[in-house]
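In the UniProt record's numbering, the protein residues as written are 1 to 288. Heads up, the beta-carbon is just placed ideally off N, CA and C, and yes, glycines get one too. A short worksheet on the structure shown next.
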């Protein structure tokens, strides 16, 4: 049967998350994680469903994509079909043609695993490597994680506003609110997620992070992590990163991973100080 692409609807999101969860494993190229859908869920279930695309063949999910904004498609595939020519050509056709409804006309980007055949096909259709590289970072969790020099709390709904305030003060232009935390926490991926707050000696919340497991023995991710702008330069980024790694270890994750723009040198160094190792840079593909 031919490969079809579909919008899953709210009910179908559970299936998409399950597929992404199943595909995570050590030693495979950086790919879309169920936690990425979990963080997007802050906009609500309906908005998340509208941003997700699923490619199937004979009923089986082969690929899942997330429209992370109007001009970026983050897509990954089941590990065994990364070089499947039929799938790669269908993906390429869908992202090239605006009338397919996957990406709009104009300047757009695609993030895909570096070993996916899609990476080889798009440059032949006017796509090029983006100028801005990303640095994936990874920390093995087979050994105990050193306790951070910071009081850490795993929060619930009662601290949603505090967590939102710290995230808002960590990222310029952030629109995150307690309501968005509630929406995120209601999402399917948050069953494997945790939100942490770090407090200074005065009892002020000064750092926040969300961690997302994909199940025992699988890589987990950090998304997002931030330190309040008024409390930077004191090692709090390293401390909350260590806390995130410890939380993922408690959830059974085999490793902790994340990606950040290579140009954000301070962030890369912060993660390194928390025991993360930088992996080879990756680039999106862009058109326009």
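Item	Value
Give me the Cβ distance between residue 182 and residue 144, rounded to the nearest whole Å; I'm assuming they're in contact under 8 Å.	Not confirmed; about 34 Å, so no contact.
Across which residues does DSSP place residue 73 in a beta bridge pair?	67, 110
Considering just the uninterrupted stretch of the beta strand (DSSP E) at residue 155, what are its terminal residues?	No beta strand (DSSP E) contains residue 155, which DSSP labels as neither H nor E.
Contact between the segment 218-230 and the segment 245-260 is defined here as three or more beta-carbon pairs at a separation below 8 Å; is this criterion met?	yes
Excluding the 5 residues flanking residue 117 on each side, which residues of the same chain have their C-beta closer than 6 Å to its C-beta?	83, 88
Measuring straight from C-alpha to C-alpha, what distance separates residue 51 and residue 189?	15 Å
Less than 8 Å separating the beta-carbons of residue 47 and residue 135?	no
Is there contact between the segment 4-22 and the segment 149-165, where contact requires at least three CB pairs shorter than 8 Å?	no
Could you check where the beta strand (DSSP E) with residue 128 kicks off and where it finishes?	128-140
Hey, how far is the Cα of residue 230 from the Cα of residue 58?	54 Å
Tell me the rounded alpha-carbon separation between residue 167 and residue 95.	33 Å
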